[in-house]
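A.B. asks: Everything in the sequence shown is counted per our numbering, starting at 49 for the first residue and increasing by one.
Quick one: this structure, given as structure tokens, is what I'll be asking you about.
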Amino acid sequence: MGGGGSGSGLAVLVELGASSLEGQRGLIRLAKVTNHKYLRLIDGRGRYGRRGESWGRLILAVRRGYCDFGDWIAVAVGSNGERDSYIYLLNKSDAKSRDRVCESLRLLEEAKAINASSTASEDYFKVYNYVDALMGEFDHVLDNGAGDSDFELLRADIDALRVRFGRHLVDLAIVAWHLNHGYHMPLVFVIDDFMVLHSRLPDYIMPTRCLYELCLGWVS
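Right, here's the structure in full:
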């Protein structure tokens, strides 16, 4: 493979990426391609060969830096465990989503810095405590099986904090909270995504080389 994916594997990835944007409700229009969707398509379409490229080889190539696919780039890879993994794709022509993704990456860098410092503002600690209470309560809901209404209630509470304290400070506290609780997620879009699409947060989600190259001017 030479560090990259085969033509058949990339063709499936891009096809699934384009189709997954339909009906998306998140703040950022990112295509989430799961291993299950990929394998169903790679195994069910003769034009991709009898077996097609394995998902494992493809996701490993993305993690190693093979992440630019023409009109699309892979911005992150993630997993909910050994049986569930996915690749997030961004369409280069979507300027709004691109800017939001880069803003999110900047928040990650800022959250890392503030977690390593003891000089954050009083307002930040106040917001962080609110976020901590909301997320702690929501964890209990998740343990009992959260429904769509529970996700929407959390979103409403977060939005109310954003109105009161400003989006940047609240989003910064959210990212810092996740980092402090072992979720090494790089992007705010994960928070918005899991509230409408996931039953729980991913075990991990990692940015790609392409994401840092795309947003280099945004990251301190």
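A virtual CB, placed ideally from N, CA and C, is assigned to each residue, including glycine.
Bear in mind the structure is a predicted one, so any value in this text is a computation, not a measurement.
With H, G and I counted as helix, E and B as strand and the rest as coil, what does DSSP make of L87?
C.D. replies: helix
A.B. asks: My understanding is that C263 touches L155, with C-beta atoms under 8 Å, so please give their C-beta distance in whole angstroms.
C.D. replies: The Cβ separation is near 11 Å, so there is no contact.
A.B. asks: Could you tell me the alpha carbon to alpha carbon distance between P255 and A221, rounded to whole angstroms?
C.D. replies: 20 Å
A.B. asks: Check the DSSP bridge columns for G184 and list the partner residues they point to.
C.D. replies: According to DSSP, G184 bridges with nothing at all.
A.B. asks: Would a C-beta distance cut-off of 9 Å place S141 and S133 closer than the cut-off?
C.D. replies: no
A.B. asks: Give the DSSP-derived three-state secondary structure of N192 in the structure shown.
C.D. replies: coil
A.B. asks: Can you tell me where the beta strand (DSSP E) with L79 in it begins and where it stops?
C.D. replies: Per the sequence shown, residue 79 should be read as Ala rather than Leu. Counting along the chain, the beta strand (DSSP E) containing A79 begins and ends at 79–82.
A.B. asks: With DSSP as the reference, label Y136 as helix, strand or coil.
C.D. replies: It is a strand residue.
A.B. asks: Indicate, with yes or no, if the ligand GTP has a heavy atom lying under 8 Å from the CB of H229.
C.D. replies: Looking at this structure, you won't find the ligand GTP or any other ligand, since it has none at all.
A.B. asks: Excluding sequence positions up to five away, which residues of its chain have a Cβ less than 8 Å from the Cβ of Y172?
C.D. replies: I162, L217, L220, A221
A.B. asks: What separation, rounded to the nearest whole angstrom, lies between the Cα atoms of Y114 and E158?
C.D. replies: Computed Cα separation, rounded: 27 Å.
A.B. asks: Are the C-beta atoms of L182 and some chain D residue less than 9 Å apart?
C.D. replies: In the structure shown, chain D does not exist; there is a single protein chain.
A.B. asks: Identify which residue in L106, R77, L209 has its Cα closest to the Cα of L182.
C.D. replies: L209
A.B. asks: Assuming S145 and R215 are in contact, meaning their beta carbons sit under 8 Å apart, how far apart are those beta carbons, in whole angstroms?
C.D. replies: Rounded, the Cβ-Cβ distance is 16 Å, inconsistent with contact.
A.B. asks: Could you name the residues of the same chain whose beta carbon sits closer than 7 Å to that of R257, not counting the 5 residues immediately before and after it, in chain order?
C.D. replies: G113, C115
A.B. asks: Quick one: Cα of L202 to Cα of F186, how far?
C.D. replies: 7 Å
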